[in-house]
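Inspection log for the structure reproduced underneath, given as structure tokens.
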Amino acid sequence: MPRLLLVLLCCTVMACGEGAPQASARIVLDGRFADWDAVTPIAGDALDPGTVAGLGRLWVTNDEYSLLVRFEVMPELSLQADNGLELCLDTDNDATTGRSVHGIGAELCWRFGDRRGTFVSATGEIEVEHQDVGLVTAPTVTGTDFEIGLALDAESAGEPLFPGDTVRLVLRDGASGAVVPAAPGGARYILSEAPPPPLVPIDIARYDASHVRLLSYNLNNHLTDPERRTALARILNAVDADVILLQEVQDTPTEEAVAYVLALLDRGHDTWYTAKVGGESTVILSSFPILRADSLGDSGGVLLRLGEGGGSGGSEPQDLLLLIALSLPCCDESQRRAAEADLIAGYVRDAKSGAGEFGIPQGTPIVLMGDANLVGLVQDRRTLQYGEIVDTVTHGPGALPDWDGTPLADLVPRLTHRPQAFTWHGEDFPPGRLDYVFYSDATLDIGNRFVLHTPSLPQETLEDWRLAVEDTDVVTDHLPVVADLILRANSEQ
Numbered sequence: 458m459p460r461l462l463l464v465l466l467c468c469t470v471m472a473c474g475e476g477a478p479q480a481s482a483r484i485v486l487d488g489r490f491a492d493w494d495a496v497t498p499i500a501g502d503a504l505d506p507g508t509v510a511g512l513g514r515l516w517v518t519n520d521e522y523s524l525l526v527r528f529e530v531m532p533e534l535s536l537q538a539d540n541g542l543e544l545c546l547d548t549d550n551d552a553t554t555g556r557s558v559h560g561i562g563a564e565l566c567w568r569f570g571d572r573r574g575t576f577v578s579a580t581g582e583i584e585v586e587h588q589d590v591g592l593v594t595a596p597t598v599t600g601t602d603f604e605i606g607l608a609l610d611a612e613s614a615g616e617p618l619f620p621g622d623t624v625r626l627v628l629r630d631g632a633s634g635a636v637v638p639a640a641p642g643g644a645r646y647i648l649s650e651a652p653p654p655p656l657v658p659i660d661i662a663r664y665d666a667s668h669v670r671l672l673s674y675n676l677n678n679h680l681t682d683p684e685r686r687t688a689l690a691r692i693l694n695a696v697d698a699d700v701i702l703l704q705e706v707q708d709t710p711t712e713e714a715v716a717y718v719l720a721l722l723d724r725g726h727d728t729w730y731t732a733k734v735g736g737e738s739t740v741i742l743s744s745f746p747i748l749r750a751d752s753l754g755d756s757g758g759v760l761l762r763l764g765e766g767g768g769s770g771g772s773e774p775q776d777l778l779l780l781i782a783l784s785l786p787c788c789d790e791s792q793r794r795a796a797e798a799d800l801i802a803g804y805v806r807d808a809k810s811g812a813g814e815f816g817i818p819q820g821t822p823i824v825l826m827g828d829a830n831l832v833g834l835v836q837d838r839r840t841l842q843y844g845e846i847v848d849t850v851t852h853g854p855g856a857l858p859d860w861d862g863t864p865l866a867d868l869v870p871r872l873t874h875r876p877q878a879f880t881w882h883g884e885d886f887p888p889g890r891l892d893y894v895f896y897s898d899a900t901l902d903i904g905n906r907f908v909l910h911t912p913s914l915p916q917e918t919l920e921d922w923r924l925a926v927e928d929t930d931v932v933t934d935h936l937p938v939v940a941d942l943i944l945r946a947n948s949e950q
């Protein structure tokens with residue numbers, strides 16, 4: 458049946474309601490949801506704030522890469538573990554094939570709490586991992602609103618996950634017993650062939666040579682691995698940062714680590730200032746003088762004088778930068794992570810007020826950047842961004858960290874050539890955003906910003922920047938995160 462006739466038939470039968478084709482929306486998988494405003498929920502009802510447990514609305518759309526799903530839950534939970542959520546998809550639109558689930562025949566049922574799924578093929582059932590279905594989820598912290606992507610070209614057991622253009626979906630919660638949609642038969646969605654608004658590729662180059670480029674890269678203790686050396690060198694030279702934060706360099710002494718990195722650089726500055734901070738050993742290489750360096754648990758704080766050689770010689774606030782190199786405890790270390798977030802928030806508060814070991818001038822730019830490991834409670838993110846200290850007995854009162862009495866801005870850079878913002882990808886969890894950039898937008902503007910993921914770069918881009926397609930996969934499971942700072946003059950503050 459011709460596509461236009463199918464659309465008209467659907468609109469006649471269903472009044473262009475559930476399942477009717479719609480133009481694809483340009484959704485960026487980044488844990489923010491304003492871009493979903495253009496998509497109509499396909500099933501479910503908005504949750505009342507007083508709801509104890511249940512499922513809310515379900516949105517579905519697609520782009521050229523993924524089937525995209527958004528859903529609401531109550532109470533707040535982690536999508537990564539300890540939940541009974543299951544998303545089942547009838548991808549061949551045939552209730553007689555697959556696993557029988559609430560009136561659909563599901564070829565895939567993904568259990569979020571187990572981080573595994575079951576794929577039903579013509580030859581039987583097999584267990585699948587997130588890599589098998591191209592799953593990306595956001596956010597990685599607790600919440601009541603989540604978005605995921607499933608790769609349209611995914612295959613399991615040699616069979617395509619999406620063999621046709623119609624999908625039926627059922628979302629259910631084993632803990633509360635809730636199911637969306639409530640009526641059997643699933644929510645029907647027709648994959649759109651209409652392209653979403655174009656995704657503008659992000660060039661690696663700075664917008665302006667005067668912008669201060671920061672690079673954060675968690676090397677997972679592989680800095681001096683000879684098998685990763687060439688790929689790391691290509692990445693560092695392509696990015697060409699002014700300040701480099703390399704997390705998890707525990708096993709390499711500072712001088713050896715610095716010498717190793719400098720030997721990889723084909724170009725750069727005549728003088729590099731260096732420091733090593735934190736229990737997870739972040740090595741910092743800066744083309745600007747480091748006035749002080751403090752360890753903050755596994756993270757660290759440095760004060761840079763960006764005005765070296767300038768007219769003010771670093772005496773004005775725009776010539777300084779308070780940079781927090783994030784490297785918070787990972788995974789199930791929730792208490793240590795919360796304590797370190799409190800410690801960082803108190804450090805920024807005291808530096809601003811002069812109540813600590815040192816003070817910074819009014820209007821000094823502030824950046825928190827690095828591997829935040831935000832995989833537990835959303836409160837950890839709020840502590841860093843909003844200054845909401847939890848343990849006030851130990852760390853003192855909370856304080857909004859930006860100079861104008863507001864939270865820090867969350868930059869959320871995305872991959873240069875994909876509508877996704879994950880900064881880590883590994884075996885045990887779906888790709889997610891673990892590396893963050895928070896900054897004082899009252900005193901700073903941002904130029905270019907991106908996450909470098911070489912497997913998604915076009916061949917022409919790889920050649921232009923002398924990169925290889927496998928480079929970021931070879932170096933580590935984290936991705937390089939880049940932000941270019943635009944410093945404001947005093948008159949603009």
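In the numbering used here, the protein residues as written are 458 to 950. Yeah, the Cβ is synthetic: ideal placement off N, Cα and C, and Gly gets one too.
Inter-residue spacing [alpha-carbon to alpha-carbon] between residue i and residue j
i	j	result
Ala482	Ala878	17 Å
Thr731	Leu868	26 Å
Gly501	Arg527	12 Å
Tyr674	Leu944	23 Å
Ala856	Ser738	28 Å
Val706	Gln842	26 Å
Cys787	Ala632	27 Å
Ser784	Leu504	36 Å
Arg645	Arg923	45 Å
Val805	Leu901	16 Å
Arg962	Asp602	Here the chain covers residues 458 to 950 and nothing more, so residue 962 does not appear.
Asp941	Pro652	31 Å
Glu920	Cys545	41 Å
Pro654	Ser810	46 Å
Val636	Leu512	7 Å
Val577	Leu534	28 Å
Nearest-angstrom Cβ-Cβ length linking residue i and residue j, presumed shorter than 8 Å
i	j	result
Pro658	Arg890	The pair is not a contact, with the Cβ atoms about 20 Å apart (cut-off 8 Å).
Leu834	Thr497	Rounded, the Cβ-Cβ distance is 32 Å, inconsistent with contact.
Gly643	Asp708	Going by Cβ atoms, the distance from Gly643 to Asp708 rounds to 51 Å, so no, they are not a contact pair.
Phe815	Arg749	6 Å
Glu604	Leu525	7 Å
Val894	Val938	7 Å
Three-state secondary structure assigned by DSSP to residue i
i	result
Asn694	helix
Gly767	Caution is warranted here: a pLDDT of 33 is assigned to Gly767, below 50, making its placement in the model unreliable, and the coordinate value is therefore given only provisionally. Note: Gly767 maps to coil in three-state DSSP.
Pro617	strand
Trp567	strand
Thr731	strand
Val835	helix
Tyr664	coil
Ser649	coil
Arg686	helix
Leu672	strand
Best match in the options for proximity to residue i [C-alpha to C-alpha]
i	options	result
Gly844	Pro937, Asp571, Asp807, Asp610	Asp807
Asp571	Ile647, Arg762, Gly754, Leu542	Leu542
Gly581	Gly560, Gly615, Glu604	Gly615
Leu702	Ala695, Gly758, Ile605, Ala503	Gly758
Leu626	Cys788, Gly855, Val590, Asn550	Asn550
Phe907	Gly634, Tyr664, Phe490, Ile747	Tyr664
Leu936	Thr873, Ala802, Val636, Leu628	Thr873
Glu797	Asp776, Met826, Asp837, Ala698	Asp837
Asp789	Gln537, Asp492, Arg489	Gln537
Leu515	Arg556, Thr553, Ala639	Ala639
Gln588	Ala899, Pro888, Phe895	Pro888
Thr849	Ile801, Trp881, Cys545, Trp860	Ile801
Gly507	Val517, Val585, Pro641, Val530	Val530
Gly736	Ser744, Pro746, Asp751	Asp751
Glu917	Ser756, Asp660, Trp860	Asp660
Val847	Gly560, Arg793, Ala829	Arg793
Lys733	Ala782, Arg489, Leu721, Arg686	Ala782
The beta strand (DSSP E) enclosing residue i, as first and last residue numbers
i	result
Ile781	777 to 784
Arg573	573 to 578
Val850	Val850 -> not in any beta strand (DSSP E); alpha helix (DSSP H) instead, spanning 849 to 852.
Gln704	700 to 704
Thr929	Here Thr929 belongs to no beta strand (DSSP E); instead the alpha helix (DSSP H) covers 928 to 932.
Ser523	523 to 534
Phe490	No beta strand (DSSP E) contains Phe490, which DSSP labels as neither H nor E.
Asn905	901 to 908
Where the alpha helix (DSSP H) containing residue i begins and where it ends
i	result
Glu712	711 to 721
Tyr893	Note, Tyr893: premise wrong, no alpha helix (DSSP H); beta strand (DSSP E) at 892 to 896.
Glu917	916 to 921
Ile801	791 to 810
Val624	Looking at the DSSP string, Val624 is not in any alpha helix (DSSP H); the run it does join, the beta strand (DSSP E), is 623 to 630.
Asp589	587 to 590
Any non-hydrogen atom of the ligand ZN closer than 6 Å to residue i Cβ
i	result
Ser913	The ligand ZN is absent from the structure shown, which contains no ligands of any kind.
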